[in-house]
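Quick note on my numbering: the sequence shown kicks off at 1 and runs consecutively. No residue lacks a Cβ here, since even glycine has one placed at the ideal position from N, Cα and C.
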Amino acid sequence: MASPDDHVLEKTPLNTAGSADSSSTPDFKASESPADTSNEAEAAPEQQFPGPFKFALVTFSLCLIIFVITLDSTVLATAVPVISDQFNSIKDIGWYSSVYFMTTSITQLLYGKLYTWYPIQYIYTVAMLFFLAGSAICGAAPNSVALIVGRAVAGIGCSGLLVGTFSLVPFIAHPSKAPLFMGLVGGSMGIGYATGPLIGGALTEHVTWRWNFYINLPIGAFSYGIFLLFVRPPTPQTKPPSLVEFFKGFDFIGLITLTGSVICLLLALQWGGATYPWNSGRIIALLVIFWSAGNCIHRSGALAGWFQGALGTSPFGSGVDTLPLVIANAISSLLGGILIGMVGYIWPFLVFSSTFISLGSGLFTTFTINTGTGKWIGYQILYGLGMGLAAQTPVMVAQNVLDLPDIPIGSGIVMFVQTMAGAILTAVAQTLFINHLDRNIQKTHVPGVDTSKIMSGGVTTLTKGLQGADKITILEAFNKAMVDMWLLPLALCCISIIGALLVERRKIRGQEKETKEESASPSPSVET
Numbered sequence: 001m002a003s004p005d006d007h008v009l010e011k012t013p014l015n016t017a018g019s020a021d022s023s024s025t026p027d028f029k030a031s032e033s034p035a036d037t038s039n040e041a042e043a044a045p046e047q048q049f050p051g052p053f054k055f056a057l058v059t060f061s062l063c064l065i066i067f068v069i070t071l072d073s074t075v076l077a078t079a080v081p082v083i084s085d086q087f088n089s090i091k092d093i094g095w096y097s098s099v100y101f102m103t104t105s106i107t108q109l110l111y112g113k114l115y116t117w118y119p120i121q122y123i124y125t126v127a128m129l130f131f132l133a134g135s136a137i138c139g140a141a142p143n144s145v146a147l148i149v150g151r152a153v154a155g156i157g158c159s160g161l162l163v164g165t166f167s168l169v170p171f172i173a174h175p176s177k178a179p180l181f182m183g184l185v186g187g188s189m190g191i192g193y194a195t196g197p198l199i200g201g202a203l204t205e206h207v208t209w210r211w212n213f214y215i216n217l218p219i220g221a222f223s224y225g226i227f228l229l230f231v232r233p234p235t236p237q238t239k240p241p242s243l244v245e246f247f248k249g250f251d252f253i254g255l256i257t258l259t260g261s262v263i264c265l266l267l268a269l270q271w272g273g274a275t276y277p278w279n280s281g282r283i284i285a286l287l288v289i290f291w292s293a294g295n296c297i298h299r300s301g302a303l304a305g306w307f308q309g310a311l312g313t314s315p316f317g318s319g320v321d322t323l324p325l326v327i328a329n330a331i332s333s334l335l336g337g338i339l340i341g342m343v344g345y346i347w348p349f350l351v352f353s354s355t356f357i358s359l360g361s362g363l364f365t366t367f368t369i370n371t372g373t374g375k376w377i378g379y380q381i382l383y384g385l386g387m388g389l390a391a392q393t394p395v396m397v398a399q400n401v402l403d404l405p406d407i408p409i410g411s412g413i414v415m416f417v418q419t420m421a422g423a424i425l426t427a428v429a430q431t432l433f434i435n436h437l438d439r440n441i442q443k444t445h446v447p448g449v450d451t452s453k454i455m456s457g458g459v460t461t462l463t464k465g466l467q468g469a470d471k472i473t474i475l476e477a478f479n480k481a482m483v484d485m486w487l488l489p490l491a492l493c494c495i496s497i498i499g500a501l502l503v504e505r506r507k508i509r510g511q512e513k514e515t516k517e518e519s520a521s522p523s524p525s526v527e528t
């Protein structure tokens, strides 16, 4: 017997393909033939959605989980300069983010299969354990290598939590209301991405950078507790495969090959031009292995580094300076889902997102050490408006066109591309920055400046011991390296506009059926 809290707001029939469609048909007429009624019952079992109380708790739980794992993606932005000073590891800072994205991306296809075959709560539990264990390793890391290992472990957990959360959407929200739910989840994701530098800066400056990771433990455990108590995902309709069938059904060789090839690429990008020449045997071998086997940098993090390196802002201050992006991102994420539900189409918001991100990225490349406050605030707002929609709309498109059983795999593929791009492009951008910074500093010919010592130190020690014109010269060299690095995401953002224009212009699934039924229903007759 269902409890009062378990009452359903809506029921929708499931078609034979497994996708949920809304039904605006009134009551069945008594005159319907038995054959029709039987076929209807067999083809369209009712799907139930949680009532208001449970819906609110489930939404809160999932939003909090998404917030924590996305916060972990950018919380290091303001802490990296301090960590690089403590570990003397400026050449490792690219790994702190890229290895997180790498393990997140390469395991998403695996999680997509697992969520299709096994109960969601079991796989979700394993993913949460990985995430919390990785956070604990990072918090206690005695050196740079341990921190990188912890980030890799946490990324594996992040992957499972992301795919699992988006796989639950069709079972939590009616198709016509899914955009609103996705807006809340996307808003949590956007807030997590954007507030990471602010929270990280506050913890780094007033407590210790290690609490950037320890903070995940109580929040993650609390949100997961709510998930266990109130989330009751359906049992997969497909029979779980045997151990032999499992290994046959998933390409583990491909997964291992992909992992190895991406590591080779990241090593080549990390070492090329910085540790070893691009024409050295090591770099060439790594690139050959990558290509033969394998055949949006988070702007808030880059901005925090620019504020600290070019303007001399403190870790907490650099987080405060990214608040315009935080606020614009949050507003865009939250309102985006509502507006998509009202308009009924997703593709216009993809175009909007790509256009505004491109404009903001272009304006970032005009930064100098004398850029006024009004400009860098306005540029962040413009970029944040587009960024808020960039993370959620591609997943919404996939969920709108796929049948219900295919949604976990489809969502996994979309997020695989997103996070793999983050892993690779973070490493590429870091290499561009290091190489350009090294070259720019050498061109300055500032007396007493040892380029090798600067490159082996931290971001905040670039101008240590320098005064006057010499200090300004080094700051300008740093600023130019940052601007040159930003040209890469600018080009990619512009290309994304083409992809947004080519997206299928299909109406939201639930609204599409309602529109057809309304147009097909006869107008009410008036008795005379």
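Tyr122, DSSP secondary structure in three states | helix
Best match in Ala79, Ala136 and Leu334 for proximity to His206 [C-alpha to C-alpha] = Ala79
Within its chain, find whatever has a CB closer than 7 Å to the CB of Met128; leave out the 5 residues flanking it on each side and keep chain order.
-> Gly157, Leu161, Gly220 and Tyr224
Are the segment 323 to 330 and the segment 380 to 389 touching, with three or more C-beta to C-beta distances below 8 Å?
-> yes
Phe131 to Gly499 span [Cα, whole Å] | 33 Å
Fully enclosed by the segment 158 to 241, which alpha helix (DSSP H) runs are 4 residues long or longer?
-> 178 to 206, 211 to 214 and 216 to 230
Report the three-state DSSP secondary structure of Lys464 (helix, strand or coil).
-> coil
When Phe433, Ser496, Pro119 and Ile65 are compared against Ile191, the one with the closest alpha-carbon | Among Phe433, Ser496, Pro119 and Ile65, the Cα nearest to that of Ile191 is on Ile65.
Residue span of the alpha helix (DSSP H) that contains Ser318, given as start and end = Pro315 to Asp321
Distance, Cys138 Cα to Arg151 Cα | 7 Å
Out of Ala491, Asn370 and Ala141, point me to the one whose CA is closest to Leu359's CA.
-> Ala491
Quick one, are the C-beta atoms of Ala304 and Gly319 less than 9 Å apart?
-> yes
Lys507 bridges to which residues according to DSSP?
-> Tyr345
Secondary structure of Phe367, DSSP reduced to three states = Residue state for Phe367 is assigned as coil, using DSSP reduced to three classes.
Around the C-beta of Met530, are 16 or more other C-beta atoms found within 10 angstroms, so that it is buried, or is it exposed?
-> Outside the displayed range of the chain (1 to 528) lies residue 530, so it cannot be described from this structure.
Closer than 7 Å by C-beta to Val169: which residues in its own chain qualify, once you throw out the five before and the five after it? Chain order, please.
-> Ala178, Phe181, Met182 and Gln399
Does Ala79 have its Cβ less than 9 Å from a Cβ in chain B?
-> Annotation note: the requested chain B is absent from the structure, which comprises a single protein chain.
Within its chain, find whatever has a CB closer than 7 Å to the CB of Ile120; leave out the 5 residues flanking it on each side and keep chain order.
-> Gly164, Ser167, Leu168 and Pro233
Does DSSP classify Ala79 as helix, strand or coil?
-> coil
Just curious, the alpha helix (DSSP H) that Asp72 is in, first and last residue?
-> Pro52 to Thr74
Any idea what DSSP makes of Gly372, helix, strand or coil?
-> Three-state DSSP puts Gly372 in coil, outside helix and strand.
Does DSSP put Val529 in a helix, in a strand, or in coil?
-> What is shown of the chain runs 1 to 528, which leaves residue 529 out entirely.
For Asp403, does the three-state DSSP call read helix, strand or coil?
-> If DSSP states are grouped into helix, strand and coil, Asp403 belongs with coil.
Tell me, to the nearest whole angstrom, how far the beta carbon of Gly112 is from that of Pro408; I am working on the premise that it is less than 8 Å.
-> 5 Å
Terminal residues of the continuous alpha helix (DSSP H) containing Leu114?
-> That run of the alpha helix (DSSP H) goes Gln108 to Trp117.
Within 9 Å, strictly: CB atoms of Phe367 and Asn479 = yes
Take Leu350 as the anchor and find which of Trp306, Met396, Gly51 and Ala330 has the nearest alpha-carbon.
-> Considering only alpha carbons, the answer is Met396.
Find out if the Cβ-Cβ distance for the pair Ala141, Arg210 is shorter than 9 Å.
-> yes
Would Leu529 be called buried (16 or more neighbouring beta carbons within 10 Å of its own) or exposed?
-> Only positions 1 to 528 of the chain appear in this structure, which leaves residue 529 out of reach.
Go ahead and label Thr204 buried or exposed: buried means 16 or more other beta carbons lie within 10 angstroms of its beta carbon, across all protein chains shown.
-> buried
For Leu475 versus Ala310, is the C-beta distance shorter than 9 Å?
-> yes
Can you tell me which of the three DSSP states Leu487 falls into?
-> helix
CB of Phe53 within 9 Å of CB of Ser144, strictly | Judged by their CB atoms, Phe53 and Ser144 are not nearer to each other than the 9 Å cut-off.
Inter-residue Cα distance where the pair is Leu487 and Ile424 = 16 Å
Do Ala469 and Asn440 have their C-beta atoms closer together than 9 Å?
-> no
How many Å lie between Met189 and Gly337 at the Cα?
-> Cα to Cα, the separation comes out at about 13 Å.
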